[in-house]
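Single-structure report; data block below.
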Amino acid sequence: MVSKGIPEPHGGNLINRVLDSSSRERILNDDDILRIHISDDLASDVGNIADGIFSPLEGFMNYDDLIHVLREGRLANGLAWTIPILLDADYSTAVRMKDAREVLLVSNNVIALMHVEDHFRYDKMDIARSVYQTGDTSHPGVAKTLAMKDMFVHGKIDLVSRIVGKEGLMRYRLTPEESRKIMVERGWKSVVGFQTRNIPHLAHEMLQKSVLNFFDALFINPLIGRKKSGDFKDEVIIKAYEVLVDNYYPKDRVLFATLHTEMRYAGPKEAIHHAIMRKNLGCTHFIVGRDHAGVGSFYHPFAAQEIFKDYPDLGIEPVFFPVFFYCKRCMGIVSERMCPHPIDYRLELSGTRLRKMINEGERPSELLMRPEVVDVIMQHNDPFVP
Ligand SMILES: [Zn+2]
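With my numbering applied, the sequence shown closes on residue 448, and no number is skipped along the way.
Structure below.
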């Protein structure tokens, strides 16, 4: 494989909008600044903007960028970008924010200073149809978009304080500056990013490890943040990967870090967004599997791979993977490209089946899941998102 080296950040510059300590003190001691409470999802967006995970964004999107993202899958300047990053507010709050010009965004703690430029309205159903390619309210992303408040407020942000997350969940978060430094120090020229929102099955492990045959390193980067009911809880996913990497991965060729952002289930458009974030974190390649970031049957299984054809300028290479599974005749984990046997020989573990087994105290087979991972799940009182 040709060594490409760690890529430039998306748009050319790694955004850093974290305030220095003297500005921070001045702002925190100013009681006159308007304080606006924001959701955990928005707080994650703020952190990702400030650290450059969303480079080149420096704040919440304006109208011009929004319409370009919706219509062309690109920012107004033409740079690839598929997911709107919006701060919603009700009308009176939006007016107060605009009048105040400088606003403190507050989550559990004060997290950012926002330099408000303006506010605008936009048809939320139009946003939903463009991003999720459906107006069906049973799609979690559509439902969330339609539930947004009526106005969007835009402007740059400066991070004042780090988000105080749930106990232990932030310990593996890396900023692009940190992850890039590690990749350079280890001399990696090709790094493959792996997105996940799931507990690792043996099939995931074999898929991930197969890239180590051709590339320098693997960047395992589970998504931590709001997920749908029935998904595994964040702390379970982190602990499961901790024991897996510790016991089964070559340490000098694997980097594990968490990415804190909500799962949007936007299928192909989210696949591009996921790739851009990993590019900013330093990956040269990004694994796109079957039905990447999909939900239910809203997207064609290969739509998330097809969309990359529209983005030859993305600056990170997608690596397309088929589904991996255990085949009783092959006697091991194989992919659909490797195995000639009928589907009846496959041993598979759907999310629904796994939940049922765990709720009934039954251990999944070691052919499908590492015992250490099973232990992590079994030792947790309630491993699923309610
Ligand atoms: Zn087979």
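Heads up, the beta-carbon is just placed ideally off N, CA and C, and yes, glycines get one too.
Close-in-space but distant-in-sequence residues of the same chain around residue i (CB under 7 Å, 5 per side omitted)
i      : result
Val357 : His201, Pro202 and Tyr327
Asp92  : none
Lys301 : Val438
Val436 : Arg425 and Pro426
Met419 : Pro426
Ser291 : Val447 and Pro448
Asp198 : Val204
Tyr361 : Gly329, Pro330 and Asp353
Arg136 : His130, Ala142 and Trp143
Trp250 : Asp278 and Ala279
Residues sharing a beta bridge with residue i, DSSP
i      : result
Lys289 : In the DSSP output, where bridge partners are listed per residue, Lys289 has none listed.
Glu70  : Per DSSP, none; premise fails for Glu70.
His532 : The requested residue 532 does not occur in the structure, where the chain is confined to residues 63 to 448.
Arg97  : Leu166
Val80  : Leu221
Gln257 : Asn283
Phe387 : Val396
Ala365 : For Ala365, which the question treats as bridged, DSSP gives no partner whatsoever.
Arg235 : Thr320
Buried versus exposed, by CB contacts within 10 Å (16 or more), residue i
i      : result
Lys289 : buried
Leu236 : buried
Asp82  : exposed
Tyr234 : buried
His87  : Here residue 87 is Glu; the residue named in the question, His, does not match the sequence. It counts as exposed.
Lys186 : buried
Gly255 : buried
Arg432 : buried
Phe276 : exposed
Lys295 : buried
Gln270 : buried
Ser101 : exposed
Ile405 : exposed
Glu267 : buried
Ser359 : exposed
Ala209 : exposed
Asn110 : buried
Met123 : buried
Met393 : exposed
Ser252 : buried
Ser192 : buried
Val226 : exposed
Three-way DSSP call (helix, strand, coil) for residue i in this model
i      : result
Asn283 : strand
Ser106 : helix
His216 : strand
Thr144 : coil
Thr207 : helix
Met176 : strand
His266 : helix
His130 : helix
Thr346 : coil
Gly394 : strand
Tyr125 : helix
Glu193 : What sits at residue 193 in the sequence shown is Val, not Glu. Correct three-state label for Val193: helix.
Pro433 : helix
Val316 : strand
Ser65  : Confidence at Ser65 is low in this model, with a pLDDT of 47, below 50, so its placement is unreliable and no value can be given for it.
Val381 : strand
Phe116 : coil
Phe370 : helix
Same chain only: Cβ atoms within 6 Å of residue i, ignoring 5 sequence neighbours per side
i      : result
Gly377 : Pro69 and Lys341
Glu332 : Arg326 and Ala355
Asp293 : Val447
Glu379 : His347
Arg403 : A small fix is needed here, since residue 403 is His in this sequence, not Arg. Result list for His403: Cys389 and Arg391, in chain order.
Lys211 : Asp150, Ala151 and Asp152
Ala138 : Asp126, Asp127 and His130
Pro71  : Ser117 and Asn342
Val168 : Arg97 and His99
Asn75  : none
Ala156 : His181, Met213 and Val215
Val385 : Arg352 and Glu398
Gly121 : Gly217, Lys218 and Ile219
Own chain residues within Cβ distance below 8 Å of residue i, not counting five before or after
i      : result
Met159 : Leu96, Ile98, Ala151, Val165, Met176, Val178, His181 and Val215
Ile241 : For clarity, residue 241 is Ser in the given sequence; the question names Ile instead. Cβ neighbours of Ser241 beyond the five flanking positions: Phe281, Leu317, Ala319, Leu343 and Gly344.
Val305 : Arg432, Glu434, Val435, Asp437 and Val438
Meets three-Cβ-pair contact criterion under 8 Å: the stretch 114-125 and the stretch 326-346: yes
Touch test, the stretch 89-109 against the stretch 167-180, Cβ-Cβ under 8 Å, three pairs minimum: yes
Any 3 or more C-beta pairs closer than 8 Å across the stretch 402-422 and the stretch 360-375: no
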